[in-house]
Amino acid sequence: MTDTPQIDLSADDFRCGYIAIVGRPNVGKSTLMNALIGAKVSITSRKAQTTRHRITGIQTKDQTQFVYVDTPGFQTKHSNALNRTLNRTVTTTLTAVDVVLYVIEAGMFSQADILVLELLPKNIPCILVINKADHIKDKAVLMPFAAQVASRFNFAAIVPVSARQGFQLESLEAEVKKLLPVNPPMFAEDDITDKSEKFLAAEIVREKVFRFVGDELPYTSTVLVEKFEQEGNLRRVFIAILVDRDGHKAMLIGKKGERLKEISTQSRQDMEKLFGGPVYLEIWVKIKSGWADNEAGLRAYGYE
Ligand SMILES: Nc1nc2c(ncn2[C@@H]2O[C@H](COP(=O)(O)OP(=O)(O)OP(=O)(O)O)[C@@H](O)[C@H]2O)c(=O)[nH]1
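The letter at position 46 of the sequence shown is residue 45 when you use numbering that gives the first Met the number 0, and the numbering goes up by one with no holes.
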């Protein structure tokens, strides 16, 4: 058997595809994704945003590119929010991926898990991932538990793992790999990953800005990290959103500053999750009229 560490991106048998990680809150989805992609935690780059998915992580190894994507709707903390509209979003997202990882907690199968299970697509391979297997001392009890859950859905594979301890993650990856289509890689190995935290901070804010005011705000607006400091585990991030006009500024700030507050809060929460520590975030909206046409101005902002 040949097992070269070198990745040949042009190999004929290269596999690449989208993977969604779904499950009720608290089953360990984020922990699992972080464990699967290792240190290469990453979010979308400008290029990746042009795809129909929000990419949360990419791992390129073993002649395979695993592209993990977000599934809005499943992220909700409240199961009652899984209403019909939301279900439609979920269903659409899930039919556009190649593999779904349905995550549950070892020894626990609740109504909330069933709600998510009912949304699983029938025409796409779904893997039953039984996380937190480290909680179960007697692994023999996992078998009947797995069988009970598997009787409700036709899973392509069943893999008990411990995201926290890194137990059986290779087995899970091997199962995923088998189900991914033979495709050349969509992204260069380091296209999305290995970005600096400063870059990622700007990407997070950019994403929130577009989520909240996407269609209304012209593309000329931009997000700049003016200062990024780290002191121990704490990051202090100072960001300026540059817009062309007063009207755009008002749009971003919203009534009584509500919109900007929401953008800030959500951005900070995402950064804390991504960087694994507390974040102090300040966002200012500034008018820099004509900045995009002004070469000297661009240089000052590092856009050489
Ligand atoms: N013992 C154990 N705990 C785990 C494991 N994986 C995750 N956890 C813990 O479970 C809790 C929830 O993990 P998250 O990764 O935040 O879960 P999530 O599904 O992303 O949660 P939401 O963001 O609320 O949907 C955290 O306290 C984790 O440390 C595991 O394999 N074993």
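Each residue gets a CB set at the ideal place from its N, CA and C atoms; glycine is no exception.
Smallest Cα separation from Cys15: which of Ala173, Pro277 and Val236? Taking only the C-alpha atoms, the option nearest Cys15 is Ala173.
Going by DSSP, name the residue or residues bridged to Leu16. Strictly speaking, residue 16 in this sequence is Gly, with Leu absent from that position. Partner(s): Phe65.
Would the beta-carbon of Val204 be found less than 7 Å away from any heavy atom of ligand 1? Not so, every heavy atom of ligand 1 lies at least 7 Å from the Cβ.
State buried or exposed for Met32, treating a residue as buried only when at least 16 other CB atoms are found within 10 Å of its CB. It counts as buried.
Helix, strand or coil at Glu117 according to DSSP, with G and I counted as helix: It is coil, neither helix nor strand.
Close-in-space but distant-in-sequence residues of the same chain around Ile252 (CB under 7 Å, 5 per side omitted): Once the five neighbours on either side are set aside, the close Cβ partners of Ile252 are Arg258, Leu259 and Val284.
With DSSP as the reference, identify every bridge partner of Gln229, one or two as the case may be. Beta-bridge annotation (DSSP): Gln229 is paired with Arg234.
Between Ala34, Gln64 and Leu35, which lies nearest to Met185 when the distance is taken from Cα to Cα? Answer by Cα proximity: Gln64.
Look at Lys131 and Gly27 and say whether their C-beta atoms are less than 8 Å apart. Yes, Cβ-Cβ distance for Lys131 and Gly27 is below 8 Å.
N- and C-terminal bounds of the beta strand (DSSP E) containing Asn33: Per DSSP, Asn33 lies in no beta strand (DSSP E); the unbroken alpha helix (DSSP H) holding it starts and ends at Lys28 to Ile36.
For the alpha helix (DSSP H) that Ala146 lies in, which residues bound it at each end? For Ala146, the enclosing alpha helix (DSSP H) begins and ends at Leu141 to Ala149.
Can you tell me whether Arg23 is buried or exposed, with buried defined as 16 or more other CB within 10 angstroms of its CB? Around the C-beta of Arg23, 16 or more other C-beta atoms lie within 10 Å, and the residue is accordingly described as buried.
Rounded to whole angstroms, what is the Cα-Cα separation between Leu168 and Phe152? Rounded to the nearest angstrom, the two C-alpha atoms are 22 Å apart.
Please confirm whether any heavy atom of ligand 1 lies closer than 7 Å to the CB of Gln268. No; taking the cut-off as 7 Å, the Cβ of Gln268 has no heavy atom of ligand 1 nearer than that.
Say the cut is 7 Å; is the CB of Asp137 nearer than that to a heavy atom of ligand 1? No, the beta carbon of Asp137 sits no closer than 7 Å to any heavy atom of ligand 1.
Just confirm the distance between the C-beta atoms of Val222 and Val204, as a whole number of angstroms; I'd bet it's less than 8 Å. Between Val222 and Val204 a beta carbon distance of about 5 Å is seen, short of the 8 Å cut, so the two are scored as contacting.
Selection from Ala105, Ser220, Leu233 and Phe237 that minimises the alpha carbon distance to Lys287: Ranking the options by Cα distance to Lys287, first place goes to Ser220.
Could you give the distance in angstroms between the alpha-carbon of Val102 and the alpha-carbon of Lys197? In a straight line, the C-alpha of Val102 is about 31 Å away from that of Lys197.
Whose CA, out of Thr264, Leu216 and Ile262, lies closest to the CA of Asp245? Selected option, being the one with the closest Cα: Leu216.
DSSP three-state call for Lys285: helix, strand or coil? Strand at Lys285.
Taking its Cβ as the centre, do 16 or more other Cβ atoms sit within 10 Å of Ile113, making it buried, or is it exposed? Per the 10 Å Cβ criterion, exposed.
Taking 8 Å as the cut-off, decide whether the C-beta atoms of Thr59 and Arg163 are in contact. When the beta-carbon positions are compared, Thr59 and Arg163 stay at least 8 Å from each other.
Tell me where the alpha helix (DSSP H) around Ala249 begins and ends. Residues Asp245 to Ile252.
Could you check if Val148 belongs to the surroundings of ligand 1, using beta carbon to heavy atom distance under 7 Å? Val148: no, Cβ never under 7 Å from ligand 1.
How big is the Cα-Cα spacing for Glu117 and Gln110? Glu117 and Gln110: Cα-Cα distance of roughly 11 Å.
Span of the beta strand (DSSP E) holding Ile135? Per DSSP, Ile135 belongs to no beta strand (DSSP E) and is neither H nor E.
Under 8 Å Cβ to Cβ from Ala34, same chain only, skipping five residues before and after it: list those, please. Counting only Cβ-Cβ distances below 8 Å, and skipping sequence neighbours, we find Ala162, Arg163, Gly165 and Leu168.
Hey, would you say the C-beta of Asn25 is under 7 Å away from at least one heavy atom of ligand 1? It does: the Cβ of Asn25 is within 7 Å (strictly closer) of some heavy atom of ligand 1.
I need the straight-line Cα distance from Ala249 to Ile240, nearest angstrom please. Computed Cα separation, rounded: 12 Å.
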